[in-house]
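Residue numbers for the sequence shown follow this note's numbering, beginning at 26 and rising by one. Glycine included, each C-beta is placed from N, C-alpha and C at the ideal position.
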Amino acid sequence: MLRSIIVLVLSNIIVLFMFSAGLAARPRELRQVLRRPALYGRALAVVLVAVPLVAYALVRLLRLPPEAAGAIALTAICPGAPLVVRQAKALNASVPTALNLLLLLVLCTLVTVPLWVSVLDRVLGLQLQATPGLVLGLLLVKVVPPLLVGMAIHQLFPRAAEVLAVWANRLFNVLLVAVAVLVLVRAPPRVRELGVATVLALVALVSASAFLGHWAGGPRLEDRKAVALAAALAPPALTMTIIVQSYPRLQALDVASVVGAIVLVRLLALIPYKAWAKRQGRPELPAGSVPT
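What follows is the structure, given as structure tokens:
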């Protein structure tokens, strides 16, 4: 019973988040995509092309075993992590840019994930299963509908949307804490099972992805940080679904633990970039002066 509840929460927390994001979405912010095509074009090129190529190079360079290679590859080819928006708020990045990029990546995933899975199967022999129908089913059930419902409520009932957004965020925070506790309990042993080479590859992938995204998001610093987060973070729900479909013998909770370990490593590997990004743009104090 407990296992079923845990798996249910892990696989459906994205629904609540997308509903909350829809409640907070503004049509004028979505129009930024048309006004700034160069920014979003560079961002998509980095996230959808450059990051998977970096992952492939790391897998080849470190000669990782098939299981580790599959984990690295999946975290690189599955973009569009909902956590990007929350991380953008904490890092003082552009939330509209993060949300717009998240929506674009969700749409692009319908094509890019099956395509990359086919390529990786040929070059690495991973035998993954990610048909367009599988990806489309996940997105059409857990991502697009709650987002559209939230946006519709915001447009038709703005006052009710504000109240719902508060309670949706509170519920999301409670579930997020529960998932974090689960990850902290079950992930550390799995991190050791990943091996030193896999952890190093994940750290290198996250670092390279973040700084590539930082470069692609210029010239504004808040956009740089938003794109960097989108490039460095991966959605666990889609990764879990592909693993379960590819290897049906694996238990869903075990898969969740492994994916949780990978997410934990990625979040820890992102700390140096976040610390560096927070220092960017701060005015330098003259020698001997005292900050206010």
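One Cα belongs to L127, the other to L196, and the distance between them is close to 21 Å. CA-to-CA, the gap between V168 and F42 works out to about 9 Å.
Going by C-alpha positions, G243 is about 30 Å away from L86.
Secondary structure note for F236: its alpha helix (DSSP H) is the uninterrupted segment V221 to A241. Taking all protein chains shown into account, V199 has fewer than 16 neighbouring C-beta atoms within 10 Å of its C-beta and is therefore exposed. Shown here, V199 sits in a helix according to DSSP, grouped into three states.
In this structure, G95 sits near L149, with a CB-CB distance shorter than 9 Å. Within the same chain, and ignoring the five residues on either side of I38 in sequence, the residues whose Cβ sits closer than 6 Å to its Cβ are L200. Under the DSSP assignment, A256 falls in the alpha helix (DSSP H) whose first and last residues are L246 to A257. L130 is positioned such that its CB atom lies no closer than 9 Å to that of V71. Check the Cα spacing between A98 and each of K250, L132, S232 and A226: the tightest is with A226. Around the beta carbon of A235, 16 or more other beta carbons lie within 10 angstroms, which makes this residue buried. Here DSSP, grouped into helix, strand and coil, assigns R61 to coil. Distance from I102 to V136 at the Cβ level is roughly 12 Å; contact not present, criterion being Cβ atoms closer than 8 Å. In chain order, G47, L48, A185, A186 and L189 place their CB closer than 8 Å to the CB of I178, counting only its own chain and leaving out the 5 sequence neighbours on each side. Judged by DSSP secondary structure, V144 falls within the alpha helix (DSSP H) whose first and last residues are V120 to L149.
The Cβ-Cβ distance between L295 and L258 falls below 9 Å. Straight-line spacing of the CA atoms in P170 and P107 works out to 15 Å.
Non-local C-beta neighbours of A253 in its own chain, meaning closer than 6 Å and more than five positions away in sequence, comprise A235, G238 and H239, ordered along the chain. Only buried fits L289, as 16 or more other CB atoms lie within 10 angstroms of its CB. With at least 16 other beta carbons inside 10 angstroms of its own, S45 counts as buried.
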